[in-house]
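Chemist: Mapping to our numbering: the sequence shown position 65 is 89, numbers consecutive.
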Amino acid sequence: MINVTIYLKKRHNARDLVKYLLLKKLISSASIDENNISYRLVDSVLVEDVNNIITAQSKSLLFTEILKAVRKNIGEEVPINSTPIVGVNRIFDEIIRTNTLPI
25 MINVTIYLKK RHNARDLVKY LLLKKLISSA SIDENNISYR LVDSVLVEDV NNIITAQSKS
85 LLFTEILKAV RKNIGEEVPI NSTPIVGVNR IFDEIIRTNT LPI
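(1) Opposite T79 in the DSSP bridges: which residues?
(2) Indicate the three-state DSSP secondary structure (helix, strand or coil) for D67 in the structure shown.
(3) Please state the DSSP three-state secondary structure of E101.
(4) What does I115 pair with, by DSSP beta-bridge criteria?
(5) From this set, I90, H36, N60, L47, which residue's C-alpha is nearest N105's C-alpha?
Laid out in structure tokens, this is it:
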């Protein structure tokens, strides 16, 4: 099981992407953090980015399909990462297993 983090520019509709991923059973649940501010250095200049961040739960074997779905709906230039979920209780386990595609 994994948490998938998708960084969308504000011009993209995070809600529509979440609905699509849920209906395709690629994720079991998601939350959206709107107007998330992050910072990075570009040529020694501090740059501020404002994004909408989707954090979703899924099965690790569905990660490649999630990448394809985001690429299809949004495009190539979307930063996405995943982190393992190393421990869950029975309720959380059932939510992920029953609300995603069978593997």
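Heads up, the beta-carbon is just placed ideally off N, CA and C, and yes, glycines get one too.
From a predicted model like this one, the values you see are computed outputs, not experimental measurements.
Modeler: The structure says:
(1) T29, S55
(2) coil
(3) coil
(4) In the DSSP output, where bridge partners are listed per residue, I115 has none listed.
(5) I90
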